[in-house]
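A.B. asks: Note that my numbering gives residue 34 to position 34 of the sequence shown, counting from 1, and the numbers run on in steps of one.
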Amino acid sequence: MTNPSASPSRSERFEAEALVHLGPLYRTALRLTGNDADAQDLVQEAVLRAFRFFDSFEPGTNCRAWLFRILMNTFVNEYRKRVRGPHQVDLDETTMSTLESRADQAIVSLPATPEEVVFAGMLDGDLKEGLWALPAEFRAAVLLCDVEEFSYKEIAEMTQVPVGTVMSRIHRGRRALREFLLRRAKPVRALSAGA
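Written out as structure tokens, the structure reads:
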């Protein structure tokens with residue numbers, strides 16, 4: 001017989017389902033904001049909002065997509081529009097310190113996949129500049145699709161726009177990025193067959 005008091009607390013469920021996604025959230029926030037401090041602020045605000053509304057999350061659904069939707073909404077509301085104001089959250093100190101320490105551990109201990117290592121290296125040059133040259137809506141759509149590998153439908157739900165708009169933003173963003181990179185490309189001299 002199971003003990004009803006042994007069921008996980010709200011904080012434990014949040015930790016198990018949501019905090020495992022901190023690494024991808026932070027990487028996306030960093031790409032959206034362009035600097036570490038703003039990325040940390042963005043992730044912190046998004047995680048606080050997610051914790052505040054965790055009771056509205058339906059268990060068994062895609063927690064990662066739910067968190068990214070919160071992150072994108074927070075980015076649009078707080079950073080793109082540059083509307084910043086004090087936010088009050090009703091969390092006790094014990095809960096906050098526990099969440100903060102576990103969040104720090106999760107971000108530090110996340111191993112990078114080979115794809116992430118390669119892409120991170122690519123972002124140091126022209127690709128990073130090209131992404132920053134894109135309008136915020138295009139950049140977000142391209143990053144969510146090509147880096148975070150969300151489906152068009154998931155991106156549409158996160159950004160609260162129709163799927164067709166997502167497809168258009170991704171297409172236009174990729175095209176603009178390709179044109180930017182072609183302008184920056186260095187000519188390669190072909191080797192002759194006899195050389």
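Ideal placement from N, C-alpha and C gives every residue a C-beta, glycine not left out.
For the alpha helix (DSSP H) that contains residue 145, what are its first and last residues?
C.D. replies: On the sequence shown, position 145 is the one that residue 145 refers to. It is not in any alpha helix (DSSP H) - residue 145 carries neither H nor E in the DSSP assignment.
A.B. asks: In angstroms with no decimal places, state the Cα-to-Cα distance between residue 18 and residue 128.
C.D. replies: Start at 1 with the first residue of the sequence shown, and residue 18 comes out as number 18. Start at 1 with the first residue of the sequence shown, and residue 128 comes out as number 128. If you take the alpha carbons of residue 18 and residue 128, they lie about 28 Å apart.
A.B. asks: Going by the CB atoms, is the gap between residue 172 and residue 138 shorter than 8 Å?
C.D. replies: Your numbering for residue 138 matches position 138 in the sequence shown. Your numbering for residue 172 matches position 172 in the sequence shown. In this structure, residue 172 lies closer than 8 Å to residue 138 by Cβ.
A.B. asks: Note down the Cα distance separating residue 167 from residue 50, rounded to an integer number of angstroms.
C.D. replies: Sequence index remark: in the sequence shown, residue 167 carries index 167 (1-based). Sequence index remark: in the sequence shown, residue 50 carries index 50 (1-based). When rounded, the distance between both Cα atoms is 27 Å.
A.B. asks: With distance defined between alpha-carbon atoms, name the residue in 133, 20, 57, 161 nearest to residue 179.
C.D. replies: The residue labelled residue 179 in the question sits at position 179 within the sequence shown. That would be 133, whose Cα lies nearest to the Cα of residue 179.
A.B. asks: Buried or exposed: residue 58, going by 16 or more other Cβ atoms within 10 Å of its Cβ?
C.D. replies: Taking the first residue of the sequence shown as 1, we reach residue 58 at position 58. Exposed, since its Cβ has fewer than 16 Cβ neighbours within 10 Å.
A.B. asks: Confirm, please, whether the CB-CB distance from residue 143 to residue 31 is below 8 Å.
C.D. replies: Against the sequence shown, residue 31 aligns to sequence position 31. Against the sequence shown, residue 143 aligns to sequence position 143. Yes, Cβ-Cβ distance for residue 31 and residue 143 is below 8 Å.
A.B. asks: Short of 8 Å in beta carbon distance, which residues of its chain neighbour residue 181, apart from the five on each side in sequence? Order them along the chain.
C.D. replies: For the purposes of this step, residue 181 is identified with residue 181 of the sequence shown, where counting begins at 1. So the list reads 126, 127, 130, once near-sequence residues are dropped.
A.B. asks: Since residue 29 and residue 71 should fall inside the 8 Å C-beta cutoff, what is the C-beta to C-beta distance between them, to a whole number of angstroms?
C.D. replies: Within the sequence shown, numbered from 1, the residue matching residue 29 stands at position 29. Within the sequence shown, numbered from 1, the residue matching residue 71 stands at position 71. The Cβ separation is near 6 Å, so the contact holds.
A.B. asks: Which runs of the alpha helix (DSSP H) spanning at least 4 residues fall entirely within the segment 9-51, listed in chain order?
C.D. replies: List check, alpha helix (DSSP H) in window: 10-17, 22-33.
A.B. asks: For residue 136, which of helix, strand or coil comes out of DSSP?
C.D. replies: Here residue 136 refers to the residue found at position 136 of the sequence shown. In this structure, residue 136 counts as helix in the three-state DSSP scheme.
A.B. asks: Roughly how many angstroms separate the alpha carbons of residue 149 and residue 42, rounded to a whole number?
C.D. replies: Reading the sequence shown from its first residue, position 149 is the one you call residue 149. Reading the sequence shown from its first residue, position 42 is the one you call residue 42. Between residue 149 and residue 42, the C-alpha separation is close to 20 Å.
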